[in-house]
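Chains as they are written, first to last, in my numbering: chain L, 15 to 318; chain U, 997 to 1330; chain S, 3 to 283. Note that the Cβ used here is the ideal one computed from N, Cα and C, for glycine as well. Worksheet: one structure, shown below.
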Amino acid sequence: MKLGAGDSGFGARGWALGACLSTVVLTVTLPAAAPRAQLAPQRVVSLVPSATEMLFAMGAGPRVAAVSSYDHYPPEVERLPRVGALVDPDVERILSLRPDLVIAYASQTDLRAQLGRAGIPVYSYRHGALADITAGMRDLGTRLGLETQARAAAAEIDSSLSDIRARLAGRRRPGAMLVIGREPQSLRAINVSGGYGFLHDLLDLAGGRNVFGDVSRESMMVATETVLARAPEVIIELHYSDPPSSDAIARERKTWSLLPGVPAVKNGRVYLLYGGELVVPGPRVVLTAQTFARALHPDVFGVR
Amino acid sequence: MTDVRRRLAMSMLVFGSLAFVAVIGAPLLGTTPIRLARVFDRTIPFADNVDAQIFFIARLPRALAGALVGATLAAAGVVFQALLRNPLATPFTLGVSAGAALGAMLAITMRLHLSLWGVSAVTAASFVGSLGAVGIVYAMARARHRGFSTNILLLAGVTLNSFFSALILFVQYLADSAEALRTMRWLMGDLDVAGYGPLLAALPLCAIAFVAFAWLPRALNLLSLDTDAAASRGVDVLRVQRVAFFSASMATGAAVSLGGPIGFIGIIVPHLVRLMVGADHRIVLPASALFGAAFLVAADVVARTAMAPVELPVGIITALIGGPFFLWLLVRQR
Amino acid sequence: MLRADNVTYVHDRGRAGAGAGSASMLPAPDRPALPGVQDVSIAIDRGSVVGILGPNGSGKTTLLRLLAGMLRPEQGHVTLNGTSLASIPRAALARSIAVVPQETHLAFDYSVLEIALMGRYPHLGTFELEGPRDIAIAREALAATGTAALEHRLFATLSGGEKQRVVIASALAQQAEILLLDEPTASLDLGYQFDIAHLLARLNRERGLTIVVATHDLNFAAGLCGSLVMMSEGRVVAAGATGDTLTSMSIQTLYGVVADVYPHHAAGHLTVVPLRRVRRD
């Protein structure tokens, strides 16, 4: 074929051949030469709310393509598509979004297998104790090629938490009960945090002594008898929704008057906390720690 | 004294004592040791007396609730077995507890936050659910002309059980994790009423049911023989069946609303009692009520002490005892 | 004494087993739908032994239940000594009329004495327990049927014949003047059939008990009953003294079987010997 201006021998034909050959060589060899894992993921689907928050905290927000049904923070995620959660991940939807990384729970083995068949790498996330939050953040940062930013964000969290711990050093720890669930308007089915998990760690950091700290479980049901026996001085009750009317809050708080002998009830130190951040072991644990500290040591942190 | 009078008196004495000891003794047992002397020590103000608080606020209502629920479920079991002429019938066979469970599930997942007269939304909703189930089953069992078919009753009940169970699973699936945990907890039975309110709410209905239960036994003897034989001996079969069905169903509904669907009481207790006192319902019914009370109170003590401080649901204890017992019964019957 | 006048009762035409009764349960699933009776009139005299014969589906059991007051006729009325059954309270009726059903299925393990004592139900108040007199009557009834020795046995462990006799004893304990039996020999072997026949004859003779028996067994009826009511498809086709009604003709009409009917010398009553089936046209 002719290439426009004049036939210069090797020139035009040579360049064309060279270009073709180079393209072929590069297309074949380059991907094989560079291992896939080294390419920083650009389209991330996160099924784990705490991981989502971590991504935004390290500046990877724009890379998040979809989130779980339970994600509500930061506000930007409300505009993103939803792909289910722990029990009901929407594999089809995930695949249709063509992510290059999916963050899923470690227990979602079926999902990992399915995505693996489609060639999509999965980052397995496991909930742990408080320290695992910042460790997880750093690890996730490495995975996303944002090591520096992740370390910075994690360091900030660590320092804020240490601050709180330092301010309370040496102070007496009041016995506290962390209620993570109960039947509304009654004291049945009281679910508390045992001596394990990030909530317990936060309570400890905020200068409290978990009256159920001797049981190494993340959560457990307790009888009213046990509450009476353990006599907590502070009761912190967690609700993972937006706060209802102040009347409703007062009514729920009043339910505890069924056990007038509990020191926390006697001294009016029953705190009802509302908010989605309470259940997410992510960057916002600092807020939760501060709220706990205010409840446990109002003289140091100011009364709510 | 005739044989039946003697046996009735003996049974009341023995089982009554058992029930009494259980209800009095249970509040004294538990992981936290309390001293009876301290409990009744008037010099210590109640607000400071932990022993008294544990006794009167936590354990005593719980023991009373256990006695009420145990007595009701056991007696209802006897009545249903006679009504359906089948020793394997339970108070839950006809779908009453499935209706109660569905009501409770909906109240939990729809986050109904209200209470009436010390009765929480969950309790009230579960009672309404049980009424609904009773109504549906009864409507289906009424034949077109005057009549009442126990066969259709049984089929309707079993069908309703399956259907409601499916709905319950569906509701649980849609619930978020905190609610799902509470629904599971409710389904396993829980006698920790934390106060006398729920107990007092359930009491009137159970009392009415027990009045009916006092009237039924003779007729139940004849009914479980043969309905024709009963009719020819002067029993108003239709009326007896209606009274038996409604009183036992309402009582079951109240018991399940109070403590959740605690299984196996309604079948283990009647069987054990029959093994001990014979088949005469005039003895079996009251004896089962008393033994049921003692049995459930004892099971609840185990539930709250076995894995302390973790609470084991009492329904698990009764199932652990009941499952093998039931199997043994089936093997024995062959 | 016990009369049915122009009595009609039609069962609900629905699924098998979908009949309904005013005072009784639906039949057990293994029993077929019961037929009705049309415009039936019979009179049972005091002290008589009456047999109701007819093929399956002729309405024998329905008639028996109407006579017992377990079913209310849609037309006509059933009266006892002139009083309509519907106006007699249940307990009082049970003190006058006792029924022995065809089969007795127990759901629970009752003893023989307990079963016999159940016959005392119509004599006791709501919360009354049996007294020594009731127990004596029950024991006497067991003795009358030759089952006194079985008193403490569990009913479920008895043989067919023993069970039937205990059930009869339970009916006797009601101290009723009329005894209605539905197919009392249906599931019994020959020996027990004799026992029941002799027992009923003796009860009639010694106590003046009025007995009405619905049965298939023609020879049993011939030996026991003084008069017969023959039914076919819900209607009475013949009624009267046994000698008059039990003929080859009536048997052929009723059962479609040619049979020889003659007085048997040794047996002392009419005997039926079936010969052959009549060709259906």
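Contact defined as beta carbons within less than 8 Å: I believe residue i pairs with residue j. What is the distance between those atoms, to the nearest angstrom?
i: ALA1063 of chain U; j: VAL1019 of chain U; result: 5 Å
i: ASP136 of chain S; j: GLY78 of chain S; result: The pair is not a contact, with the Cβ atoms about 37 Å apart (cut-off 8 Å).
i: VAL947 of chain U; j: SER1284 of chain U; result: A query on residue 947 of chain U cannot be resolved here, the shown segment of chain U reaching from 997 to 1330 and no further.
i: SER60 of chain S; j: SER234 of chain S; result: 5 Å
i: PRO95 of chain L; j: ALA80 of chain L; result: 4 Å
i: ASN205 of chain L; j: LEU1177 of chain U; result: 7 Å
i: ILE1164 of chain U; j: MET1106 of chain U; result: That belief does not hold up - the Cβ atoms of ILE1164 of chain U and MET1106 of chain U are roughly 14 Å apart, past 8 Å.
Taking buried to mean at least 16 other C-beta atoms within 10 Å of its own C-beta, is residue i buried or exposed?
i: GLU92 of chain L; result: exposed
i: MET27 of chain S; result: Residue placement at MET27 of chain S is poorly supported in this model, since its pLDDT is 37, which falls under 50; the coordinates still yield a value, given next. It counts as buried.
i: PRO31 of chain S; result: Summary for PRO31 of chain S: the model assigns pLDDT 42, below 50, so the residue's position carries little reliability; its value from the coordinates is reported in the next sentence. By the neighbour-count rule (16 or more Cβ atoms within 10 Å), PRO31 of chain S is not buried but exposed.
i: GLY195 of chain L; result: buried
i: GLY270 of chain S; result: exposed
i: ASN83 of chain S; result: exposed
i: TRP1324 of chain U; result: exposed
i: HIS1267 of chain U; result: buried
i: SER233 of chain L; result: buried
i: SER207 of chain L; result: buried
i: SER22 of chain L; result: With a pLDDT of 48 at SER22 of chain L, under the threshold of 50, the modelled position of that residue is not reliable, and no figure is offered here.
i: PHE306 of chain L; result: buried
i: ARG281 of chain S; result: exposed
i: ARG17 of chain S; result: Legend: pLDDT at ARG17 of chain S = 35, less than 50; position of this residue unreliable, no value from coordinates given.
i: VAL1310 of chain U; result: buried
i: GLY1153 of chain U; result: buried
Could you spell out where the beta strand (DSSP E) holding residue i opens and where it closes?
i: TYR257 of chain S; result: Counting along the chain, TYR257 of chain S falls outside any beta strand (DSSP E), though it belongs to the alpha helix (DSSP H) covering 250-257.
i: GLY78 of chain S; result: 77-82
i: SER234 of chain S; result: 229-234
i: ASP7 of chain S; result: 4-11
i: GLU1307 of chain U; result: No beta strand (DSSP E) holds GLU1307 of chain U; DSSP gives it neither H nor E.
i: ILE117 of chain L; result: 115-119
i: ILE137 of chain S; result: Segment 134-146 is the alpha helix (DSSP H) holding ILE137 of chain S; no beta strand (DSSP E) there.
Looking at the unbroken alpha helix (DSSP H) that takes in residue i, where does it start and where does it end?
i: THR217 of chain S; result: Careful: THR217 of chain S lies outside any alpha helix (DSSP H), inside the beta strand (DSSP E) at 212-217.
i: MET987 of chain U; result: Because chain U is modelled from 997 through 1330, residue 987 of chain U falls outside the range shown and cannot be assessed.
i: VAL300 of chain L; result: 299-310
i: VAL1269 of chain U; result: 1261-1273
i: GLN1237 of chain U; result: 1233-1255
i: ARG265 of chain L; result: 260-268
i: SER207 of chain L; result: Segment: none, SER207 of chain L is in no alpha helix (DSSP H) and carries neither H nor E.
i: LEU95 of chain S; result: 92-98
i: HIS1277 of chain U; result: 1277-1301
i: GLY290 of chain L; result: Careful: GLY290 of chain L lies outside any alpha helix (DSSP H) and carries neither H nor E.
Taking a contact to mean a Cβ-Cβ separation below 8 Å, would you say residue i touches residue j in this structure?
i: LEU144 of chain S; j: ALA100 of chain S; result: no
i: ALA1244 of chain U; j: ALA1072 of chain U; result: yes
i: VAL1252 of chain U; j: ALA1135 of chain U; result: no
i: GLU185 of chain S; j: GLN104 of chain S; result: yes
i: LEU1 of chain S; j: ILE54 of chain S; result: Nothing about residue 1 of chain S can be reported from this structure: the residues present for chain S run from 3 to 283 only.
i: ALA1302 of chain U; j: LEU1308 of chain U; result: yes
i: GLN166 of chain S; j: ILE139 of chain S; result: no
i: VAL51 of chain S; j: ILE213 of chain S; result: yes
i: PRO277 of chain L; j: PRO246 of chain L; result: yes
i: ARG283 of chain L; j: VAL314 of chain L; result: no
i: VAL215 of chain S; j: GLU153 of chain S; result: no
i: ASN1157 of chain U; j: GLY1256 of chain U; result: no
i: LEU1218 of chain U; j: ALA1226 of chain U; result: yes
i: GLY1259 of chain U; j: PHE1088 of chain U; result: yes
i: VAL1115 of chain U; j: ALA1103 of chain U; result: no
Determine, using beta carbons only, whether residue i comes closer than 8 Å to chain C.
i: VAL1118 of chain U; result: In the structure shown, chain C does not exist; the protein chains are L, U and S.
Output, in sequence order along the chain, the residues in the stretch 126-137 of chain S whose CB is closer than 7 Å to any CB in chain U. THR128, LEU131, GLU132, GLY133, PRO134, ILE137
Near-chain S residues of the stretch 1194-1218 of chain U - C-beta to any C-beta below 9 Å: ALA1210, TRP1211, ARG1214, ALA1215, ASN1217, LEU1218
For the stretch 194-211 of chain L, list every residue whose C-beta sits within 9 Å of some C-beta in chain U, in sequence order. Close to chain U, meaning a Cβ-Cβ distance shorter than 9 Å, are the following residues of the stretch 194-211 of chain L: ILE194, GLY195, ARG196, GLU197, PRO198, GLN199, SER200, LEU201, ARG202, ALA203, ILE204, ASN205, GLY208.
Going along the chain, which residues of the stretch 999-1031 of chain U sit with their C-beta nearer than 8 Å to a C-beta in chain L? GLY1026, THR1027, THR1028
Near-chain S residues of the stretch 1058-1088 of chain U (beta-carbon distance less than 8 Å), N- to C-terminal order: GLN1077, ALA1078, ARG1081, ASN1082, PRO1083
Interface positions of the stretch 1034-1060 of chain U facing chain L (Cβ-Cβ less than 7 Å), listed along the chain: ALA1043, VAL1046, GLN1049, ILE1050, ILE1053, ALA1054, ARG1055
The stretch 64-91 of chain S: which residues have C-beta closer than 7 Å to a C-beta of chain U, in chain order? ALA70, MET72
Contact list for the stretch 1216-1243 of chain U against chain L, Cβ threshold 7 Å: none
For the stretch 1302-1318 of chain U, enumerate the residues whose C-beta is nearer than 7 Å to any C-beta of chain L, in chain order. Of all residues in the stretch 1302-1318 of chain U, only PRO1305, VAL1306, GLU1307 come within less than 7 Å of chain L when Cβ atoms are compared, listed by chain position.
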